[in-house]
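Read through the structure below, which is laid out as structure tokens, and then see the notes.
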Amino acid sequence: MDLKGTVVFSSGKSADFDIWTLALESGKLRQLTHGAELNDSPRWSPDGARIAYIAAGADGIFSVWVMERDGKNKQQLTTGIHCAHPAWAPDGSRIVFAANAADPNEFELCSVECQTKQVDVLFRRPGIESGPSISPDGSSVLFAGVDPNSDLPFSDRDTEIWEYDTATKTERRICAHPARDYSPVYSPDGTKIAFVSHRNGRSEEEYAAKLHEIRANLNLKDRKSVDSAIRALAALDRDSDIYVVDTTGENLRKITRNEGSDTSVRWSPCGNFLVFASAPKDEAASERLHVAELATGKVTALQYDRSPLAQEIGANAKGMLDNNILMRLIPNFIERPLKMRAVGSAFWGEEREPDWTYAS
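Counting from 1 along the sequence shown, just add 385 to a position and that's the residue number in this note's numbering.
Following this line, the structure appears as structure tokens:
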């Protein structure tokens, strides 16, 4: 798999994440943000010269920021509203994101002008909208949200993939399933959509039947029954995979088949590959960057020296083990990797929210 360009991503653990770039041809890492705060969801501008991302401002509220590709000239674009999931307009003049600008208890899709910092709400609908993606021609916006016309209580509605037409101010559902669908993103030519789903290859009927079975066996007066239902629901929702579908909603295709978590999908600029974060089963806090080839479905883990990432978050397992009295009792002839298991996979941090550019 011959890969080129630069991937930007966030790396860290708990609430301490920083933004890095990875040069795919050389494997060189570069750290763009520093500190013990959250810097997350980096997105390349269309020309690859700037990066939009989410970070806390002086007021402690997560806001939309922009910096140059080398990490210089960091600029805060929004204030006073909680923001998430930035996405650039094709001309690079504005950024669309999810925020509680209209209602403190709901997230709507908003936009901010990069020059004036003017924030506008794109549209309002019941529920929480997330993960916007603007079409290459700028005429429509993808997002994840619940069905506002469903008869189910909001707590029982799972997110689906929708497309909003900015000219007609109408929306249409791309695909629906009882499982959660989210993080939609247009292909570079605008003909396909990649997204994350927890359907795990199940049909709507199969997934709905499993949900019905869990609810039918639930006895709210029996603690064991409640615990069992919680575990069953968690197991049903644990496995997430990457899917691709035409913008018409046809030709749905499952790309990844990992039993763990596959999230944060983005396209390569050529449209032949998908970059995403993947974690093994039951280790969701240990995601690593992977690439899938669209034509073959072949998945490859990106290879790079993680030591700078581990050093930044203080993942010095050797020092931790040496200072642990119980660890000192482990005989030296036991392999070091076995000792490393004692700290847990989350100790090493995770890489997530990648985005890809060919610009240099």
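Glycine is no exception: its CB is placed at the ideal position from the N, C-alpha and C atoms.
Note that the coordinates shown come from a computational prediction; the quantities given were computed from them, not determined experimentally.
- Query: Cα separation between residue 545 and residue 645?
  - Reply: 21 Å
- Query: Taking just the CA atoms, how far does residue 462 sit from residue 497?
  - Reply: 7 Å
- Task: Using 10 angstroms around the beta-carbon of residue 391, count the other beta-carbons present and answer buried if the total reaches 16, otherwise exposed.
- Result: buried
- Okay, do the region 635-649 and the region 669-689 touch, 3+ Cβ pairs below 8 Å being the bar? yes
- For residue 683, which option in 492, 657, 485 has the closest C-alpha, if you only look at C-alpha atoms? 657
- Message: Assuming residue 426 and residue 469 are in contact, meaning their beta carbons sit under 8 Å apart, how far apart are those beta carbons, in whole angstroms?
- Response: 7 Å
- Query: So, helix, strand or coil for residue 665, using DSSP?
  - Reply: Residue 665: coil per DSSP, three-state reduction.
- For residue 479, collect the residues of the same chain with a Cβ closer than 7 Å to its Cβ; drop the 5 residues on either side in sequence, then sort them by chain order. These residues qualify, in order along the chain: 496, 497, 498, 499.
- Look at residue 339 and residue 494 and say whether their C-beta atoms are less than 8 Å apart. What the structure shows of the chain is the stretch from 386 to 745, and residue 339 is not part of that stretch, so it cannot be assessed.
- Message: Under DSSP, the alpha helix (DSSP H) around residue 697 begins and ends at which residues?
- Response: 692-697
- Could you check where the beta strand (DSSP E) with residue 680 kicks off and where it finishes? Looking at the DSSP string, residue 680 is not in any beta strand (DSSP E), and its letter there is neither H nor E.
- Message: Can you look up residue 737 in the DSSP assignment and give me helix, strand or coil?
- Response: strand
- Which of the three DSSP states, helix, strand or coil, is assigned to residue 413? coil
- Do you know whose CA, among 603, 413, 395, lies nearest residue 419's CA? 395
- Task: Would you list the one or two residues that DSSP bridges to residue 675?
- Result: 661, 686
- For residue 551 and residue 529, the rounded distance between their alpha carbons: 16 Å
- Which first and last residues belong to the beta strand (DSSP E) in which residue 557 is found? 555-560
- Query: Do residue 412 and residue 689 have their C-beta atoms closer together than 8 Å?
  - Reply: yes
- Query: CB residue 533 to CB residue 516, shorter than 8 Å?
  - Reply: Taking 8 Å as the Cβ cut-off, residue 533 and residue 516 do not qualify as a contacting pair.
- Over the uninterrupted beta strand (DSSP E) stretch that includes residue 631, give me the two end residues. Looking at the DSSP string, the run of the beta strand (DSSP E) that includes residue 631 is 626-631.
- Query: Can you check whether the CB of residue 456 is closer than 8 Å to the CB of residue 417?
  - Reply: The Cβ atoms of residue 417 and residue 456 lie closer than 8 Å to each other.
- Which stretch, first to last residue, makes up the beta strand (DSSP E) that contains residue 635? Neither: residue 635 is in no beta strand (DSSP E) and is coded neither H nor E.
- Task: Would you list the one or two residues that DSSP bridges to residue 493?
- Result: 484
- Message: Let me check understanding here. Comparing Cα to Cα, which of 744, 740, 743, 694 lies closest to residue 734?
- Response: 694
- Message: I need the DSSP call for residue 708, collapsed to helix, strand or coil.
- Response: Summary for residue 708: the model assigns pLDDT 46, below 50, so the residue's position carries little reliability, and this model does not support an answer.
- Task: Pull up the CB-CB distance for residue 330 and residue 581, whole angstroms please, since I reckon it's below 8 Å.
- Result: The structure shown does not extend to residue 330, since the chain is modelled only from 386 to 745, so the question has no answer here.
- Task: State the CB to CB distance for the pair residue 737 and residue 686, rounded to an integer number of angstroms; the pair is presumed to be in contact (CB under 8 Å).
- Result: About 14 Å; that fails the 8 Å criterion.
- Counting only the same chain and skipping the five closest in sequence on each side, list residues whose C-beta sits under 6 Å from that of residue 557. 548
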